[in-house]
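Chains as they are written, first to last, in this note's numbering: chain Z, 5 to 126; chain R, 5 to 126.
Every residue gets a Cβ at the ideal spot worked out from N, C-alpha and C, and that includes glycine.
There are 2 protein chains.
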Amino acid sequence: MVKSKLPYVCGIDAAIDVVGGKWKVLILWALDHGTTRRFADLRRELPGVSEKVLIQQLRELAADEVVHREVFHEVPPHVEYSLTEFGDSLNEALRPLGAWGRRHIKTIEANRRPAEFDIATG
Amino acid sequence: MVKSKLPYVCGIDAAIDVVGGKWKVLILWALDHGTTRRFADLRRELPGVSEKVLIQQLRELAADEVVHREVFHEVPPHVEYSLTEFGDSLNEALRPLGAWGRRHIKTIEANRRPAEFDIATG
DNA sequence: GACCCCACTTACTTCTTGGTAAGTACCCCA
DNA sequence: TGGGGTACTTACCAAGAAGTAAGTGGGGTC
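If you want it as structure tokens, here you go:
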């Protein structure tokens, strides 16, 4: 995702900057409805993400105050990730866009791979 | 902007793929409310965009059936860009996200430049 | 004839993002 | 003592998105 230059010229610009990483909306989705997840849980829920990138995006979301990171100093210690209220409001704002994408996902995919076939290649 | 791998795992993934270029939401905004614009108009309305990137993003939006490109074979010939109905529905779906970004733009900007000052540097 | 506008196209470079793979440090269990 | 789990960090590399700059080919204007 391409970062917009600051200052943002409009709200969408800013919002997409927050949400534009390859795995960020998926992380937001995984933490929806007040869900709490550990680092290793998220790894398992996002097949294909590397540890490096997952941490990177979690840190960025935390820096944006969208995700809350809490360390539990128990034995053994662990870390829990959840949405902040701010993150929750972001997820709400994303819902119409998600619905649009879901509604048109076939069209979008088709336009994105004009060289491929939808039928099985023999 | 980072492209998601196909097939998309959720609608947001797909939508952000359509809208994720650096200038795309700005183009969508410029063409909002049935507005029609020429290439040169858009260049002027998006200060900082290069011709190469503007055309590239217009072509991608057209390939996604979000933007309509019409050539007028008059003398002199020219080209007009406008939103399709599909693009219009996308803009509608983007509005809540835009409102969220606008509401929190100060917070987002502040979190995005922790090393800079908001007061003028002397 | 020189210059501007329109709508691009092309070649080259840089910068950012993400991916790969390995290492760290600590704990528990058998 | 070897293996597994937790939560990272680090270094290196590749792909792609965007930026720069120049060229194209038409027309119209002074």
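Item	Value
Per-residue contacts from R:Val29 into chain Z (C-beta, under 7 Å)	Ile16, Asp17 and Ile20
Proximity test, Cβ basis, 9 Å: Z:Asp68 and chain R	yes
Per-residue burial, Z:Lys26 [other beta carbons within 10 Å of its own, 16 or more giving buried]	buried
C-beta neighbour in chain Z for R:Glu78, strict 9 Å	no
Euclidean distance between Cα positions of Z:Asp32 and R:Val13	Checking the sequence shown, residue 32 of chain Z turns out to be Leu, not Asp. Taking the straight line from one Cα to the other gives about 13 Å.
Inter-residue CB distance, Z:Leu94 and Z:Val70 (contact presumed, cutoff 8 Å)	6 Å
Cutoff 9 Å: Z:Glu113 Cβ touching any chain R Cβ	yes
Beta-carbon proximity check, Z:Gly24 vs R:Ile109, cutoff 9 Å	no
Integer Cβ distance of Z:Gly52 from R:Arg106, believed to fall under 8 Å	In fact, because the Cβ distance is near 33 Å, the residues do not count as touching under 8 Å.
Within-9 Å CB hit, R:Lys9 to chain Z	yes
Z:Tyr12 at chain R interface by Cβ criterion, 9 Å	yes
Residue-chain proximity (Z:Val71, chain R), Cβ-Cβ < 9 Å	no
Same chain only: Cβ atoms within 8 Å of R:Ala97, ignoring 5 sequence neighbours per side	Ala19
Residue-level contact to chain Z via CB, R:Glu96, 9 Å cutoff	yes
Simplified DSSP assignment, three categories, for R:Glu84	strand
Identified DSSP bridge partners for R:Glu74	R:Glu84
Best match in Z:Ser54, Z:Gln60, Z:Leu35 and Z:Val75 for proximity to Z:Glu84 [C-alpha to C-alpha]	Z:Val75
Contact with chain R by Z:Lys26, beta-carbon distance below 9 Å	yes
Per-residue contacts from R:Arg117 into chain Z (C-beta, under 7 Å)	Leu10
Among Z:Leu62, Z:Arg63, Z:Arg42 and Z:Lys56, nearest to Z:Glu82 - alpha-carbon criterion	Note that residue 82 of chain Z is His in the sequence shown, not Glu. Selected option, being the one with the closest Cα: Z:Arg42.
Contact set for Z:Ile112: own chain, Cβ-Cβ below 8 Å, skip 5 residues either direction	Gly105
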